[in-house]
């Protein structure tokens, strides 16, 4: 099938004035910005706060200690596990977001607003680059605008743009590299191949899985260029030289940093492709699909894949979609273990899902009118269908975004602020693990471990690391029924307690904050609270405020 025989996926937005297309694109970007600025300076108490704390504390440590204290941009976070380097120094992919944020922390001081705005700007840049990439691939303003709209609306991109994570610059670099590669395919100018290599290198340096972009790139190359490979030998050599910093970082991270701190950035990763054939894997992915794309969006993407495979073509856009399809399958096998762990591991394949969603929407909207109406009304019906399908995606996408923003672990900031005010500068904290890590951003102190250990380990870290505090969040309260509680209750005193009042008027314990020295009887907790001022802090949920009550026992 020749390109001229293609089933149409464009309803000629090109007929609009360029100014009109620009206005629509600006409105899409402003819509994306509006969604992303929600809770921009909110406490670190939300969904995946542990990962955000990882990069926030890296950035703060860069700002306070310099970028080369432990070597060349070697990152240091505030919650090393037992057995890891107690400073928090670790081997990882290149900490681009921590470097960016750390630099601005030096200029303006530590600020959640500043840190999150950087991630949001990368996310907004991704919307724009998705528009440019789509336009380059399909020569269709309509396809490009739908892709931009879906990127702006994507619950995955909306929520995690708010989290300070490597994935925000990583996805921007990946999409930008694809754009420059598509441009190189079109005009054969070497500078675009060099820019491809530069942004591809930045992407994989930031997060190794963004290397998945290489698969659609390989599919995009026309056969005649493979046949004339010698012609491009100089371009390919220069592109490889641009890629060399990634290789050098891998060697540095794995053979210098990892030997120094005892853990590797790659060697510690799990690889179990057979996981995707298990029912457990599919069950865990189900909730992530709902949060990342909504079920409606996911089904539209699957329909887009089917339409594409049925009406496959030979142009650049078609080759890209085939590479995206193959790349997604490969990604699922290689990243099977990671994908079942957290929703954000789907970031590298999310642009492919969005392209197939847009493809389905445009294929249906531009071809159904041919069999329904005649004459000029075809274009009107096409535009109407595009708007209706896109509108149907808004409500579930907002609901998915809200589900993630409403997953909060209240009080982490309150407890952290108390420790910051009352703890010594070198005091360490044992904590409950799971999703209580936001506490460390607000405490500005280092923790140790992931959960409350046995008595022997507690004594060890007290003596060797200066542990003087224990933070026991809801999921860790079962420790009161474990053997180490006898030691804790006889060597630690209660400093802060937080609770929430339920609809039935009953108080539900949220956390205990304990300081080394003295003792504490959990059964007499009401006696500790009696006569003390009950303080309150409100937390914003989409349905309204939720109140946390807390009492300071020791000052």
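Numbering (my numbering), first residue to last: 17 to 571. Just so you know, even glycine gets a beta-carbon here, dropped at the ideal spot from N, CA and C. In this text, all values refer to a predicted model and were calculated from it rather than measured experimentally.
- Between residue 567 and residue 513, the gap from beta carbon to beta carbon is short of 8 Å.
- Shown here, residue 562 sits in a strand according to DSSP, grouped into three states.
- Our two residues, residue 170 and residue 350, have alpha carbons roughly 24 Å apart in a direct line.
- The three-state reading of DSSP puts residue 334 in helix, counting H, G and I together.
- Unbroken beta strand (DSSP E) stretches of 3 residues or longer found wholly inside the segment 428-455: 444-447, given in chain order.
- Within the same chain, Cβ atoms closer than 8 Å to the Cβ of residue 376 are found at 316, 317, 319, 320 and 323, the five residues on either side in sequence being excluded.
- Beyond the five residues adjoining it in sequence on each side, residue 570 comes within less than 6 Å, by CB distance, of 511 in the same chain, given in chain order.
- Taken through DSSP and simplified to helix, strand or coil, residue 272 comes out as helix.
- Fewer than three beta-carbon pairs drawn from the segment 115-135 and the segment 483-503 are found closer than 8 Å, and the two stretches are therefore not classed as touching.
- According to the DSSP secondary-structure assignment, residue 528 is paired through a beta bridge with 488 and 513.
- DSSP places residue 553 in the uninterrupted beta strand (DSSP E) bounded by 551-557.
- Counting along the chain, residue 477 sits inside the alpha helix (DSSP H) bounded by residues 471-481.
- In the DSSP assignment, residue 70 falls within the alpha helix (DSSP H) that extends over 65-81.
- DSSP places residue 507 in the uninterrupted alpha helix (DSSP H) bounded by 500-507.
- When only Cα atoms are considered, residue 125 and residue 114 end up about 14 Å apart.
- Comparing alpha-carbon positions, the option among 425, 118, 369 and 57 lying closest to residue 164 turns out to be 369.
- Residue 186 holds the alpha-carbon nearest to the alpha-carbon of residue 225 among 194, 249, 186 and 255.
- Put simply, the backbone Cα of residue 143 is about 6 Å away from that of residue 168.
- About 3 Å separates the beta carbons of residue 509 and residue 534, which is inside the 8 Å limit, making them a contact pair.
- Beta bridge pairing from DSSP links residue 424 with 62.
- In this chain, residue 534 is not harboured by any alpha helix (DSSP H), its DSSP state being neither H nor E.
- By the C-beta density criterion, residue 267 is exposed, having fewer than 16 other C-beta atoms within 10 angstroms.
- Using a C-beta cut-off of 8 Å, the segment 418-435 makes contact with the segment 543-557, since at least three inter-stretch Cβ pairs fall below that distance.
- Where residue 171 is concerned, the enclosing alpha helix (DSSP H) starts and stops at 171-177.
- Per DSSP, residue 99 lies in no alpha helix (DSSP H) segment and is marked neither H nor E.
- Checking the DSSP bridge columns, you'll see residue 365 has no partner listed.
- The beta carbon of residue 235 lies closer than 6 Å to those of 335, 338 and 339 in the same chain, with the five residues before and after it left out.
- Under the 8 Å Cβ criterion, the segment 241-253 does not count as touching the segment 59-70, having fewer than three qualifying pairs.
- Pairing residue 98 with residue 473 gives a Cβ-Cβ distance under 8 Å.
- For residue 448, same chain residues with a beta-carbon under 7 Å away, outside a window of 5 residues either side, are 467, 468, 487, 488, 489, 491 and 492 in chain order.
- If only uninterrupted alpha helix (DSSP H) runs of at least 4 residues are considered, those enclosed by the segment 101-180 are 112-124, 128-154, 157-169 and 171-177.
- Rounded to whole angstroms, the Cβ separation of residue 52 and residue 139 is 6 Å, and the two are in contact under 8 Å.
- Taking a contact to require three or more Cβ pairs closer than 8 Å, the segment 81-100 and the segment 46-60 do not qualify as touching.
- Residue state for residue 339 is assigned as helix, using DSSP reduced to three classes.
- The C-alpha of residue 384 lies about 11 Å from the C-alpha of residue 395.
- The continuous alpha helix (DSSP H) containing residue 317 extends over residues 311-326.
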